[in-house]
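Worksheet: one structure, shown below.
2 protein chains.
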Amino acid sequence: MKYSKATNYALHTMLHLALTNSTKPVGVQILAEQQKVSPTYLSKILTKLVKEGMVTSASGANGGYSLAKGWESISFLDIIYAIEGKSSLFDCDFDHGPECSIQKVMLRSEEKMEAELRKQTIADLINKKTTT
Amino acid sequence: MKYSKATNYALHTMLHLALTNSTKPVGVQILAEQQKVSPTYLSKILTKLVKEGMVTSASGANGGYSLAKGWESISFLDIIYAIEGKSSLFDCDFDHGPECSIQKVMLRSEEKMEAELRKQTIADLINKKTTT
DNA sequence: GTCCCCATACTCGGATAGCAGGTGTCCGAGTTTCTGGGG
DNA sequence: CCCCAGAAACTCGGACACCTGCTATCCGAGTATGGGGAC
Numbered sequence: 000m001k002y003s004k005a006t007n008y009a010l011h012t013m014l015h016l017a018l019t020n021s022t023k024p025v026g027v028q029i030l031a032e033q034q035k036v037s038p039t040y041l042s043k044i045l046t047k048l049v050k051e052g053m054v055t056s057a058s059g060a061n062g063g064y065s066l067a068k069g070w071e072s073i074s075f076l077d078i079i080y081a082i083e084g085k086s087s088l089f090d091c092d093f094d095h096g097p098e099c100s101i102q103k104v105m106l107r108s109e110e111k112m113e114a115e116l117r118k119q120t121i122a123d124l125i126n127k128k129t130t131t
Numbered sequence: 000m001k002y003s004k005a006t007n008y009a010l011h012t013m014l015h016l017a018l019t020n021s022t023k024p025v026g027v028q029i030l031a032e033q034q035k036v037s038p039t040y041l042s043k044i045l046t047k048l049v050k051e052g053m054v055t056s057a058s059g060a061n062g063g064y065s066l067a068k069g070w071e072s073i074s075f076l077d078i079i080y081a082i083e084g085k086s087s088l089f090d091c092d093f094d095h096g097p098e099c100s101i102q103k104v105m106l107r108s109e110e111k112m113e114a115e116l117r118k119q120t121i122a123d124l125i126n127k128k129t130t131t
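If you read the sequences in order, they're chains Y and X. Number 74 in numbering that gives the first Met the number 0 belongs to position 75 of the first sequence; there are no gaps in the numbering. Number 40 in numbering that gives the first Met the number 0 belongs to position 41 of the second sequence; there are no gaps in the numbering.
Next comes the structure, spelled out in structure tokens:
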């Protein structure tokens, strides 16, 4: 089990957008060059973030992506959910009674991680001096 | 990102073995029947647990698997590691400096979950009356 | 009655296909900008 | 000098292959059991 590379790209892109605090959109090619990814692939990933309302897309020349309003409150968990989906990490689809004690343990543990990811925002990283 | 089904099978099998507190080994067919899985597939999974020293395998007639000594201290995390591997959930293989601030956040969150999984043992579930 | 041997049945374990989801790529549609000619 | 039209360049977005890793299966090797015959 691993987080997908797409999640990594999404997180780094969000951080990059936040660091370059530009009012103008940033083109995909710039962002892709930073991470050594195909621009078209990164575009596909960013589409998901747009649909979640975290970033806005601008068409045409000098177009690109920029952070949406209220981005300061976007947490790591929000980004991960946008890419990986909101479903639980563990699904016990057996039929042993209404509640599976194992699943309860797994979900409780997962909640611990999510709680931490929910506290951490992209904005937090900027204050601490970061690497792109 | 999801936990593999194999992990689910492993956890349930461990719980089942712990509940049937038998000194005699339990055959794969019995265990597989409980979870509606192919016996050969379950065998493959249990092999990993054997290599980690959590269960012991007995060949021959009336053979099967049984919990190893000291099983009371086996945690969820031990089982998950045995199946999923011990590598981190998140790998940032870029080259932006020696430390990736994003990865640090991810690892810290992952640690929260692992700490919870490390506290939970199979033996804990038995005391609380469980479903197979 | 006791011991030994053999056939049997059951088990484990590694090697082998099938499939799904993530990874990556390509091309078409749409939009803003810039340039150049005409008024 | 100002305005409008057209072309161009750049962008986004959905649709299409590839490939690693999980899921599942099959078959061979090994071992403890149980029965039967000999002593």
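For glycine and all other residues, C-beta sits at the position ideal for the given N, C-alpha and C.
Asked, Found
"Against chain Y: residues of the region 101-112 of chain X by CB proximity under 7 angstroms", "I101, V104, R107, S108, E109, K111, M112"
"Nearest-angstrom Cα separation, counted from S100(Y) out to F93(Y)", "12 angstroms"
"Length-filtered (3 minimum) beta strand (DSSP E) runs lying within the region 47-95 of chain X", "54-57, 63-66"
"Cβ-Cβ distance between Y80(X) and T12(X) below 9 angstroms", "no"
"Contact with chain X by N7(Y), beta-carbon distance below 9 angstroms", "yes"
"Where M53(X) meets chain Y, residues with beta-carbon distance less than 8 angstroms", "The premise fails here: M53(X) is roughly 16 angstroms from chain Y at the closest Cβ pair, so nothing lies under 8 angstroms."
"Integer-rounded CB distance, given that M53(Y) should sit under 8 angstroms from S108(X)", "With 8 angstroms as the limit, S108(X) and M53(Y) do not qualify as a contact, their Cβ atoms being about 19 angstroms apart."
"Same chain only: Cβ atoms within 7 angstroms of V25(Y), ignoring 5 sequence neighbours per side", "L16, T19, G63, Y64, S65"
"Contact check, T6(Y) vs E83(Y), beta carbons under 9 angstroms", "yes"
"Cβ of K85(X) within 9 angstroms of any chain Y Cβ", "no"
"Distance between Y8(Y) and G96(X) (C-alpha atoms, nearest Å)", "16 angstroms"
"Closer than 7 angstroms at the beta carbon, the chain Y residues around Q34(X)", "F93"
"Opposing strand residues paired with T22(Y) [DSSP bridges]", "Paired residues: none, contrary to the question."
"is_contact[K68(Y), chain X] using C-beta, thresh 9 angstroms", "no"
"Residue environment, T129(X), which counts as buried when at least 16 other CB atoms sit within 10 Å", "For T129(X), the predicted structure reports a pLDDT of 48, less than 50, and the residue's modelled location is therefore unreliable. The matter cannot be settled from this model."
"Endpoints, the alpha helix (DSSP H) within which M0(Y) is located", "From DSSP, M0(Y) is part of no alpha helix (DSSP H); its letter is neither H nor E."
"Cα-Cα separation between K103(X) and S21(X), rounded to whole angstroms", "45 angstroms"
"Residue span of the alpha helix (DSSP H) that contains Q119(X), given as start and end", "Careful: Q119(X) lies outside any alpha helix (DSSP H) and carries neither H nor E."
"Chain X within 9 angstroms of Q28(Y), Cβ atoms only", "no"
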